[in-house]
Each structure stands twice: as C-alpha cells, then as structure tokens.
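Scroll down for the structure; my scribbles are underneath it.
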Amino acid sequence: MAADLEGCQRNGVQYVGSLSIANAHKRGVYDIFADHGGYRTEDEFINQPPPASKKLGVYWRDLAPHNGAQPIKDVIQNFVDLAVGRIMVFHDSGADKRMLDHSAAVCGLTIPWDKISVRDTQKYRQYWFNNTNSRTGPSLKDVVEEHLPWMKFREGEHNSLEDAVATLHLYLLDQESIDAMYAPFASPTSAEDNSAASDDTSSASTPETPTTENSLPLYTTHHEGIELAVLTEAAQRFQQAAAAQSTATACYATSSRAFGATATGH
Numbered sequence: 001m002a003a004d005l006e007g008c009q010r011n012g013v014q015y016v017g018s019l020s021i022a023n024a025h026k027r028g029v030y031d032i033f034a035d036h037g038g039y040r041t042e043d044e045f046i047n048q049p050p051p052a053s054k055k056l057g058v059y060w061r062d063l064a065p066h067n068g069a070q071p072i073k074d075v076i077q078n079f080v081d082l083a084v085g086r087i088m089v090f091h092d093s094g095a096d097k098r099m100l101d102h103s104a105a106v107c108g109l110t111i112p113w114d115k116i117s118v119r120d121t122q123k124y125r126q127y128w129f130n131n132t133n134s135r136t137g138p139s140l141k142d143v144v145e146e147h148l149p150w151m152k153f154r155e156g157e158h159n160s161l162e163d164a165v166a167t168l169h170l171y172l173l174d175q176e177s178i179d180a181m182y183a184p185f186a187s188p189t190s191a192e193d194n195s196a197a198s199d200d201t202s203s204a205s206t207p208e209t210p211t212t213e214n215s216l217p218l219y220t221t222h223h224e225g226i227e228l229a230v231l232t233e234a235a236q237r238f239q240q241a242a243a244a245q246s247t248a249t250a251c252y253a254t255s256s257r258a259f260g261a262t263a264t265g266h
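Note that UniProt numbering numbers the sequence shown so that position 91 is 91, with each residue one more than the last.
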C-alpha cells in the first residue's frame, strides 16, 4: 500500500491534516481529514492550515468535525491497523512519519514503525538521477511527469489520494530495485504469510476481519472520482498477485540499474 499526507500546523509544527492510503489495485482504502480537537474555539489545537494559495487541499472547513473530519486518535489507530505487517510506500517518508508521530503523541499513541516495512520512492536513485531540482529529493510531481507521462497528475486542486495512487505506481514500476534498497530489513510479513495470502479462498485461514458484505468496515473518502475498495482478505491476496505481476518489469529494472551504475561510476 501507499500513503500520502497533507499537513496542518500548530505553532509551526506539522500535524496530520489529511491521510490517504491506496492499495495494490491503485484504489483508495482510506481517505480522511483529521480533527485534533477544539475546532475554531479557544481550545482549538490546530491554529494554521496550509496557505490557500498553495492549493494543498486542506482548508479550515475540511478540519471541521461537522464536515466529516475524524478524531485524530481514530485516524492514527486506523493507519496502524492498516500498516502493521505490510509494506507502506511513501514519497518523502521522513516528513510523513514526523507528521504521523507528532499527531500520535497528541493522543498518547506510538506508531510501531518497527512492524511496518517502509519504502520511499523519493530515495530511489533512478528517480533522483532524473529529477535533481530539490536539496531534499525529487518532488512527486517531477518524478510522475518523467516516469508516468500518461498519468493526468495534479491538473487542479491538490489531491492526497491521487498522490498516494501515483506513489504506488512509481513503486510498482521498479519494485524489485526499490525493495533491494531495504534488503537488510526483513518485511514484517513472513514468507509463509505471503504464501498463505496467495492461496485460494477455500484453503485460506479464517480472516480476522469479517468478509460478509454487510459486516465489512467501510472507509470514507473526501475525494470524488477515485474508486474505493474495502480492505478484505481477498484484497490482501490481490496485493500479493500485483506484486508478482511486477516481475514483468524485470527488463526495465535491469536496464535502470545498469544505467544508474554507469552514471554513478564516473
């Protein structure tokens, strides 16, 4: 899965304003604004959303509970439930993790990062090689325009779910090479778990989450036009299948690594 966050501030410190997560089908499974409490009262926690001129997709109205913003404690807990034991892809994981940790601390939670396999498309050297406009790393927009020219990206208001989907596309484009960057760090999901997740539903173990249509946890969205999916046992199996299909990009991956090695060998 891939995640994208947009921030809001308290006294210059970044906290979670919105959180969007896409699965291996490149569909949204979680898409929400966060309420840190005391909205527009003397007790309000957040005192500065992003400047409207930047069109980052987070405004005062979005952080209002009566408009659907969820308590930050629920948002953090839902992120943990979705991420633990899985690969979670970010673009600039450092900034996003700091935001999540700041918001988690507000509600007395700690995110178990040691149980989450983090990937960062901003750190992949092939994307760095083609996009060197920033001291901290290539922007998502630059990388998408270079490597996913077919994607109509950020044609209007900033959309964090669109960013999450784009980040996942970039990861799957050369998954083998990006995973190799993190080889010393084993995925929390064991090989046996991955094998079991790929089995037919008849032989899979009983999922912890009910799989009847009426009992599935439905996640809300604040972005229109992007299909949502419910995170079920079947979706997890499909995630493994999508990862397997990424081997079709082996020729691209091999040529990319060879090209990168040549470029850095001067």
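All C-beta atoms, glycine included, are put in the ideal place defined by N, C-alpha and C.
| query | result |
| --- | --- |
| Let me make sure I understand the geometry here. Which of Asp43, Lys54, Arg27 has the alpha-carbon closest to that of Gly7? | Lys54 |
| If we ignore side chains and look at the alpha-carbon of each, how far apart do Pro51 and Tyr59 end up? | 8 Å |
| At the level of alpha carbons, what is the spacing between Arg10 and Ala183? | 37 Å |
| Please report the straight-line C-alpha distance between Val75 and Trp150, rounded to a whole angstrom. | 32 Å |
| For Glu6, does the three-state DSSP call read helix, strand or coil? | strand |
| For the beta strand (DSSP E) containing Gly28, name the first residue and the last one. | 28 to 35 |
| What is the DSSP secondary structure of Val16, counted as helix, strand or coil? | strand |
| May I have the straight-line CA-CA distance separating Glu78 from Arg125, to the nearest angstrom? | According to the sequence as given, residue 78 is Asn; it is not Glu. Each residue's Cα considered, the two are about 32 Å apart. |
| When the Cα of Thr67 is compared with those of Ile32, Phe90, Met88, which residue comes out closest? | The displayed chain sequence assigns Asn, not Thr, to residue 67. If we check each option's Cα against that of Asn67, Ile32 comes out closest. |
| I think Leu82 touches Ile21, with their Cβ atoms under 8 Å apart; what is that distance to the nearest whole Å? | 6 Å |
| Per DSSP, Ser117 forms a beta bridge with which residues? | Ile87 |
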